[in-house]
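Heads up, the numbering used here is the position in the sequence shown plus 6, with the first residue counted as 1.
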Amino acid sequence: MASLTLSAELTREHHEIDDAIATFIEKLDCGSLQRELMTTTLEALRRHIYLEEVFLFPPLREGGMAMPIFVMMREHGELWHTMATLTDLLAAGDDSQQLRDTCTQLLDQLQQHNSKEEPVIYPSADTDLPPHTSAELARFIETGRTPDGWECQQANA
């Protein structure tokens, strides 16, 4: 991550997750259920939500971005519900159309979410975080793991 800004790294993660979901849908349309690909992608999305809610959002909320952070957190809860549905569908593995529809729903939700988060929240990651928080976030992007059992704040909303 040495040469990229935090906002660029966070945006890169968005693109990687979106691309993996699109690839899963393409493979599914060709008759191939890539469970491992989607499981890994959902883990990456959960990790991404974790790093935002634990490292990025708290100092930005305290710095005056309460409403935009509130919206992002609420949308994380919606994403979390869709991911739970996908996890259940992957476990059952017998309804390709439902899997496809739910993946498309997740991609649509991510597009809406990211279209707000990238221009509104992410620039502040480069300019408004305390240095120690920036360093923690950068380290987590490089090597961090989501704690077992962690759920986003709005998971049960």
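Ideal Cβ positions, reconstructed from N, Cα and C, are used throughout, including at glycine.
Straight-line Cα distance separating residue j from residue i
i: Ile75; j: Asp132; result: 16 Å
i: Leu85; j: Leu112; result: 7 Å
i: Leu95; j: Leu105; result: 6 Å
i: Met89; j: Cys36; result: 22 Å
i: Leu12; j: Gln103; result: 37 Å
i: Thr17; j: Asp114; result: 16 Å
i: Pro125; j: Asp107; result: 28 Å
i: Glu123; j: Glu142; result: 20 Å
i: Thr128; j: Leu57; result: Strictly speaking, residue 128 in this sequence is Tyr, with Thr absent from that position. The straight-line gap from Cα to Cα measures roughly 13 Å.
i: Met7; j: Arg145; result: Reliability fails at Met7, whose pLDDT of 46 lies under 50, so the model's placement of it is uncertain and the value that follows must be treated cautiously. Cα-Cα distance, rounded: 9 Å.
i: Trp156; j: Ser38; result: 30 Å
Closest by C-alpha distance to residue i, when choosing among the options
i: Pro64; options: Ala144, Asp134 and Arg145; result: Asp134
i: Leu116; options: His20, Ser13 and Leu66; result: His20
i: Cys109; options: Ile55, Ala144, Leu48 and Phe146; result: Leu48
Cβ neighbour criterion (16 or more within 10 Å) applied to residue i
i: Gln160; result: buried
i: Leu10; result: exposed
i: Ser130; result: buried
Assigned secondary structure, residue i (DSSP; H/G/I helix, E/B strand, else coil)
i: Arg106; result: helix
i: Arg151; result: coil
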